[in-house]
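As numbered in the numbering used here, residues 1 to 590 make up the sequence shown, in order. For each residue, glycine too, the CB sits at the ideal point set by N, CA and C. These numbers come from a predicted model, not from an experiment. A short write-up of the structure that comes next.
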Amino acid sequence: MYYSDDVIEEVRMKNDIIDVISSYVRLQKKGNSYFGLCPFHNEKSPSFSVSRDKQMYYCFGCGAGGNVFTFLMEYEHYSFTEALRYLADRAGVELPKEQYSKEAKERADLRETLLAINKLAAKYYFAQLKSEKGRQAYQYLTDRALTEETIVHFGLGYANKYSDDLSRFLKLKGYSDELIVQSGLASVDEKQGIHDKFWNRVMFPIMDANSRVIGFGGRVMGDGKPKYLNSPETPIFDKSRNLYGLNRARSSRKPYFLLCEGYMDVIALHQAGFTNAVASLGTAFTPGHASLIKRYVQEVYLTYDSDEAGTKAALRAMPILKEAGITAKVIRMDPYKDPDEFIKNLGAAAFEERISKARNGFMYSLEVLERQYDMNSPEGKTGFMKEAAARLGEFEEQIERDNYTEAVARAYKVAFEDLKKLVAKTAIEKGLAAPARRPKQTAAVKEKEDGNLKSQKILLTWMIDDMTVFSQVKNYITPDDFTGSLYKEVASLLYEQYEEGDLNPARILNHFTDEEEHREAASLFHTKIRELSTKEEQEKALKETVIKVKNHSIEEAGRALDPTDIKGLQKLMEAKKDLQKLYQMQISIK
Numbered sequence: 001m002y003y004s005d006d007v008i009e010e011v012r013m014k015n016d017i018i019d020v021i022s023s024y025v026r027l028q029k030k031g032n033s034y035f036g037l038c039p040f041h042n043e044k045s046p047s048f049s050v051s052r053d054k055q056m057y058y059c060f061g062c063g064a065g066g067n068v069f070t071f072l073m074e075y076e077h078y079s080f081t082e083a084l085r086y087l088a089d090r091a092g093v094e095l096p097k098e099q100y101s102k103e104a105k106e107r108a109d110l111r112e113t114l115l116a117i118n119k120l121a122a123k124y125y126f127a128q129l130k131s132e133k134g135r136q137a138y139q140y141l142t143d144r145a146l147t148e149e150t151i152v153h154f155g156l157g158y159a160n161k162y163s164d165d166l167s168r169f170l171k172l173k174g175y176s177d178e179l180i181v182q183s184g185l186a187s188v189d190e191k192q193g194i195h196d197k198f199w200n201r202v203m204f205p206i207m208d209a210n211s212r213v214i215g216f217g218g219r220v221m222g223d224g225k226p227k228y229l230n231s232p233e234t235p236i237f238d239k240s241r242n243l244y245g246l247n248r249a250r251s252s253r254k255p256y257f258l259l260c261e262g263y264m265d266v267i268a269l270h271q272a273g274f275t276n277a278v279a280s281l282g283t284a285f286t287p288g289h290a291s292l293i294k295r296y297v298q299e300v301y302l303t304y305d306s307d308e309a310g311t312k313a314a315l316r317a318m319p320i321l322k323e324a325g326i327t328a329k330v331i332r333m334d335p336y337k338d339p340d341e342f343i344k345n346l347g348a349a350a351f352e353e354r355i356s357k358a359r360n361g362f363m364y365s366l367e368v369l370e371r372q373y374d375m376n377s378p379e380g381k382t383g384f385m386k387e388a389a390a391r392l393g394e395f396e397e398q399i400e401r402d403n404y405t406e407a408v409a410r411a412y413k414v415a416f417e418d419l420k421k422l423v424a425k426t427a428i429e430k431g432l433a434a435p436a437r438r439p440k441q442t443a444a445v446k447e448k449e450d451g452n453l454k455s456q457k458i459l460l461t462w463m464i465d466d467m468t469v470f471s472q473v474k475n476y477i478t479p480d481d482f483t484g485s486l487y488k489e490v491a492s493l494l495y496e497q498y499e500e501g502d503l504n505p506a507r508i509l510n511h512f513t514d515e516e517e518h519r520e521a522a523s524l525f526h527t528k529i530r531e532l533s534t535k536e537e538q539e540k541a542l543k544e545t546v547i548k549v550k551n552h553s554i555e556e557a558g559r560a561l562d563p564t565d566i567k568g569l570q571k572l573m574e575a576k577k578d579l580q581k582l583y584q585m586q587i588s589i590k
């Protein structure tokens with residue numbers, strides 16, 4: 001839902017950033033700021049700074065920074081709206097009611113009803129597990145070494161042997177056959193009428209990131225088929241965009257997730273202390289899963305089964321993770337099939353050791369590839385190296401490709417230069433690369449673009465830290481000199497505040513309610529500037545930054561200019577004159 005700037009600012013102002021962060025981090029006052037150990041990276045000396053005046057935080061160690069909304073988004077993994085609602089509730093601010101069209105209201109009401117039905121079903125299944133009817137299911141769980149605490153923790157339950165038991169219970173609670181079917185908990189046909197989806201199964205409630213029950217997985221008692229059965233797709237359950245255990249793993253302070261195949265693997269790992277374990281929901285790993293994971297971590301350790309099916313699943317997941325910008329590693333489960341068996345037999349300490357020895361995803365894929373070749377014969381090893389070279393050629397960045405080429409050469413005892421030539425030759429043959437020097441040129445252009453953006457970030461950070469900087473550069477640098485819509489928008493808001501005499505960077509961040517935009521905007525105010533020992537060095541660096549930003553702006557304007565645009569040409573000439581003045585300008589900082 002959209003909330004006005006005034007509402008967002010009211011919530012922010014009524015939640016002092018020191019008070020909020022103090023409930024997570026122990027802070028001590030030093031001068032005008034408060035310092036503590038950063039909650040976003042491991043450190044021994046406090047480098048995490050919080051300013052009451054600016055209502056912003058910044059870590060000098062890892063560069064994390066932002067306002068009170070940013071903090072909750074990063075620490076609790078909230079969306080902007082979730083952070084806003086949490087802080088509104090904390091401060092006693094009543095948010096405006098959501099305004100729906102008739103169709104949207106009907107959809108929202110249906111979702112709330114289906115969530116209520118699933119929550120009620122979870123309670124019913126749990127009660128069944130604790131009853132005499134659930135004795136076999138309870139015995140099954142305890143035989144799998146699950147504790148009572150774990151059973152309660154995950155809300156495990158039992159669907160008894162009567163095929164209409166839950167349906168009758170839900171109808172007694174006032175729900176229609178149509179709604180029960182829409183919840184995914186029952187089916188209907190002419191012969192049987194309405195009948196339960198799950199019966200004689202141990203039940204695993206599936207929860208979304210906010211711990212709301214959205215579906216179920218059921219493991220049959222006995223030899224029935226299928227062994228595992230999941231809820232169908234419903235208005236509240238999309239198995240390709242949800243992960244089992246995410247509601248608990250999101251609160252883990254580990255910088256990575258353990259990605260499993262099944263419910264029991266996740267539960268066993270959580271019980272052993274590995275609370276960052278998640279699993280896909282009876283479906284192959286999808287880009288939707290990867291996008292969801294990217295909200296929380298940048299690295300994943302695959303703990304798939306050690307059999308052939310598990311190996312294939314891991315190989316399919318790795319390129320999806322890479323495409324999403326997530327690093328993948330593979331944990332060996334041998335001599336056991338899965339994490340559940342491994343921990344039962346060897347314990348948590350041994351599993352922790354396996355994590356430390358996890359294989360790089362690409363190198364693991366080559367180990368699997370080896371099985372297709374006779375590595376003891378010249379023909380076999382040559383064929384393997386050609387296929388390995390083809391895969392190395394798929395790395396777009398040259399430095400990454402060279403690093404992996406070096407690692408492969410070392411692992412398989414071949415000369416780096418020979419393998420590098422084979423990679424280049426194979427890439428050209430397959431059309432993955434041009435024989436010219438194009439990759440170097442592309443990298444150089446990208447490096448220049450990154451350098452220009454870094455200069456703009458540095459200038460924005462400087463303007464926030466020192467109000468005198470703005471008064472000196474405003475006649476030379478305008479918001480239009482910042483490239484990219486987000487940079488330009490942040491600069492425009494900052495300039496407006498300066499002109500109004502009310503510098504408030506924390507309020508600027510309120511303007512960006514999209515999660516990715518909010519985080520990127522926050523980074524513009526907290527760019528790490530290299531340490532300069534003297535005031536003169538700092539002033540020289542600032543002047544060079546201003547000139548670089550202006551020069552890039554002129555270059556961009558020149559490239560976009562129509563040669564017949566006389567006014568545009570005149571404006572460009574004036575900008576070039578301003579650039580010359582900048583070389584003569586003296587900039588002083590406090």
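Who are the Cβ neighbours of residue 129 in its own chain at under 7 angstroms, not counting the five residues just before and after it?
-> 137, 138, 156, 157, 158
Looking at residue 322 and the ligand SAM, is the gap between the Cβ and the nearest heavy atom below 6 angstroms?
-> Absent from the structure shown: the ligand SAM. Ligands present: none.
For residue 261, count neighbouring C-beta atoms within 10 Å of its own C-beta (all shown protein chains included) and say buried if the count is 16 or more, exposed if not.
-> buried
If you draw a straight line from the alpha carbon of residue 397 to that of residue 324, how long is it in whole angstroms?
-> C-alpha separation (whole angstroms): 16 angstroms.
Where residue 183 and residue 114 are concerned, what is the direct C-alpha to C-alpha distance, given to the nearest angstrom?
-> 5 angstroms
Can you tell me whether residue 350 is buried or exposed, with buried defined as 16 or more other CB within 10 angstroms of its CB?
-> Under the 10 Å beta carbon count, residue 350 is surrounded by fewer than 16 other beta carbons and is classified as exposed.
Exposed or buried, what is residue 456 when buried is set at 16 or more other beta-carbons lying within 10 Å of its beta-carbon?
-> buried
May I ask which residues mark the beginning and end of the beta strand (DSSP E) holding residue 230?
-> 228 to 230
Within 10 angstroms of the Cβ of residue 225, are there 16 or more other Cβ atoms? Answer buried if so, exposed if not.
-> exposed
Residue 393 by DSSP, collapsed to three states: which one?
-> coil
Where residue 195 falls: helix, strand or coil (DSSP) | strand
In chain order, what residues of the same chain have a beta carbon less than 7 angstroms from the beta carbon of residue 473, not counting five sequence neighbours either side?
-> Taken in chain order, the residues that qualify are 546.
Completely contained alpha helix (DSSP H) runs for the segment 331 to 405, where each covers 4 or more residues = 339 to 346, 348 to 356, 361 to 370, 378 to 392
Length of the line joining the Cα atoms of residue 77 and residue 539 = 39 angstroms
With respect to the beta strand (DSSP E) encompassing residue 51, which residues constitute its N-terminal and C-terminal limits?
-> 48 to 51
Proximity winner among 586, 382, 319, relative to residue 286 (alpha-carbon distances) = 319
Relative to the alpha-carbon of residue 34, which residue among 41, 40, 26 has its alpha-carbon at the smallest distance?
-> 26
Where does residue 477 fall in DSSP's three states?
-> Coil.
Of all the options 21, 172, 185, which has the alpha carbon lying nearest to the alpha carbon of residue 163?
-> Considering only 21, 172, 185, the residue with the shortest C-alpha distance to residue 163 is 185.
Under the three-state DSSP convention, the category residue 205 falls into | In this structure, residue 205 counts as strand in the three-state DSSP scheme.
With 16 as the cutoff for other CB atoms within 10 Å, does residue 42 come out buried or exposed?
-> exposed
Report buried or exposed for residue 271, applying the criterion of at least 16 other Cβ atoms within 10 angstroms of its Cβ.
-> Residue 271 sits buried, since 16 or more C-beta atoms from the chains shown fall within 10 Å of its C-beta.
Which residues bound the alpha helix (DSSP H) around residue 487?
-> In the DSSP annotation of this structure, the continuous segment of the alpha helix (DSSP H) that includes residue 487 starts and ends at 485 to 500.
Please work out which residues of its chain come closer than 8 angstroms, Cβ to Cβ, to residue 173, disregarding the five sequence neighbours upstream and downstream, and give them in chain order.
-> Excluding the 5 residues flanking it on each side, residue 173 has same chain C-beta neighbours closer than 8 angstroms at 120, in chain order.
Cβ shell of residue 426 (< 7 angstroms), same chain only, five flanking positions each side left out = 386, 389, 390, 393
Roughly how far, in whole angstroms, is the beta-carbon of residue 518 from the beta-carbon of residue 70, given that I think they are within contact range, below 8 angstroms?
-> 6 angstroms
Backbone CA spacing between residue 258 and residue 484 [nearest angstrom] | Distance from the CA atom of residue 258 to the CA atom of residue 484, rounded to whole angstroms, is 36 angstroms.
Figure out for me which residue from 14, 160, 237, 21 has the closest Cα to the Cα of residue 118.
-> 237
Please specify which runs of the beta strand (DSSP E), each continuous and at least 3 residues long, are wholly inside the segment 29 to 108, giving them in chain order.
-> 33 to 36, 48 to 51, 56 to 59
For residue 244, which residues from the same chain have a beta carbon less than 7 angstroms from its beta carbon, with the 5 sequence-adjacent residues on both sides left out?
-> Around residue 244: 206, 263, 266, 278, 279, 281.
Could you check the C-alpha separation between residue 111 and residue 335 for me, to the nearest Å?
-> 45 angstroms
Starting from residue 428, follow the alpha helix (DSSP H) in both directions and report where the run begins and ends.
-> 416 to 429
Contact between the segment 503 to 519 and the segment 408 to 421 (3+ Cβ pairs under 8 angstroms) | no
First through last residue of the beta strand (DSSP E) which encompasses residue 220 = 213 to 220
Does DSSP put residue 285 in a helix, in a strand, or in coil?
-> In the structure shown, residue 285 sits in coil (DSSP, three-state: anything other than H, G, I, E or B).
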